[in-house]
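Residue numbers (this note's numbering), protein chains in the order written: chain B, 1 to 109; chain R, 110 to 223.
Here a beta-carbon is modelled for each residue, glycine too, at the ideal position from N, C-alpha and C.
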Amino acid sequence: KNEVEQSPQNLTAQEGEFITINCSYSVGISALHWLQQHPGGGIVSLFMLSSGKKKHGRLIATINIQEKHSSLHITASHPRDSAVYICAVSPWGAQKLVFGQGTRLTINP
Amino acid sequence: NAGVTQTPKFRILKIGQSMTLQCTQDMNHNYMYWYRQDPGMGLKLIYYSVGAGITDKGEVPNGYNVSRSTTEDFPLRLELAAPSQTSVYFCASSYARVSNQPQHFGDGTRLSIL
């Protein structure tokens, strides 16, 4: 079993829909990262959080440390949100990130 | 803003050839990382460095070598290319530990070994 599991693996939605991507992990962590990988391949960091909730524009990330679970929400989704969204955790005491397999999101106009 | 720059973007190698993937960052970051991304799999850490002169193995270091002679540069060396090393390689950097700082990624190098 992977230390970081994302669901769903693939998600197709219509423009304007509210999107939720889930991430569960099995180890104690000091931080959780959400990343976006564009169709061209580049990877950008969206959020880094260790508790609570963060918001940036239409994107919201939440984390429940007790449940070892995080969600990434996209409000009023747009075709330009189509990308692979990757969850990664920083285990306690480690100098590295452990990555989930990613969720491929497609937003149709 | 250059950020993290990787070269080349694409490369085809024959089995047994060697090559160096270049990575440089202009953000004065201490921490640098090399990952590989295989289809349907999460990113796997190959090697990382916490500062000039210091490197350490990640999850999948076999078949690769690194050096960190300067803060800016962190090249990845493949000595005897094998088909199993066909992958997309990403270099990343962060100012401090990933428990405290986000990572900045290069655009990737797509490598095929034939």
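Beta carbon proximity, residue i to chain A, threshold 9 Å
i: residue 151 of chain R; result: Reference to chain A is not applicable here, since the protein chains of this structure are B and R.
Residues bridged to residue i (per DSSP)
i: residue 34 of chain B; result: B:47 and B:87
i: residue 104 of chain B; result: B:10 and B:84
i: residue 253 of chain R; result: Since the first residue shown for chain R is 110 and the last is 223, residue 253 of chain R is missing from the structure and cannot be characterised.
i: residue 218 of chain R; result: R:198
i: residue 3 of chain B; result: Per DSSP, none; premise fails for residue 3 of chain B.
i: residue 182 of chain R; result: R:133
Chain B within 9 Å of residue i, Cβ atoms only
i: residue 138 of chain R; result: no
i: residue 212 of chain R; result: yes
Min CB distance residue i to chain R below 9 Å
i: residue 33 of chain B; result: yes
i: residue 68 of chain B; result: no
i: residue 22 of chain B; result: no
i: residue 99 of chain B; result: yes
i: residue 10 of chain B; result: no
i: residue 95 of chain B; result: yes
i: residue 88 of chain B; result: yes
Nearest to residue i (by Cα), restricted to the options the options
i: residue 4 of chain B; options: R:174, R:179 and R:150; result: R:150
i: residue 196 of chain R; options: R:133, R:217 and R:202; result: R:217
i: residue 147 of chain R; options: R:194, R:209, R:212 and R:215; result: R:194
i: residue 117 of chain R; options: R:167, R:136, R:172 and R:200; result: R:200
i: residue 59 of chain B; options: B:91, B:35 and B:102; result: B:35
i: residue 143 of chain R; options: R:127, R:166 and R:179; result: R:166
i: residue 207 of chain R; options: R:198, R:112 and R:139; result: R:139
Alpha carbon of residue i to alpha carbon of residue j, nearest angstrom
i: residue 121 of chain R; j: residue 157 of chain R; result: 25 Å
i: residue 85 of chain B; j: residue 106 of chain B; result: 11 Å
i: residue 69 of chain B; j: residue 55 of chain B; result: 17 Å
i: residue 45 of chain B; j: residue 23 of chain B; result: 16 Å
Cβ shell of residue i (< 6 Å), same chain only, five flanking positions each side left out
i: residue 189 of chain R; result: 125
i: residue 10 of chain B; result: 104
i: residue 119 of chain R; result: 219
Proximal residues to residue i (C-beta, below 7 Å), its chain only, five neighbours per side dropped
i: residue 20 of chain B; result: 71 and 73
Residue i beta carbon near the ligand ZN (any heavy atom closer than 8 Å)
i: residue 171 of chain R; result: This structure lacks the ligand ZN; in fact it carries no ligand of any kind.
Own chain residues within Cβ distance below 8 Å of residue i, not counting five before or after
i: residue 213 of chain R; result: 112, 113, 134, 136, 138, 201, 202 and 203
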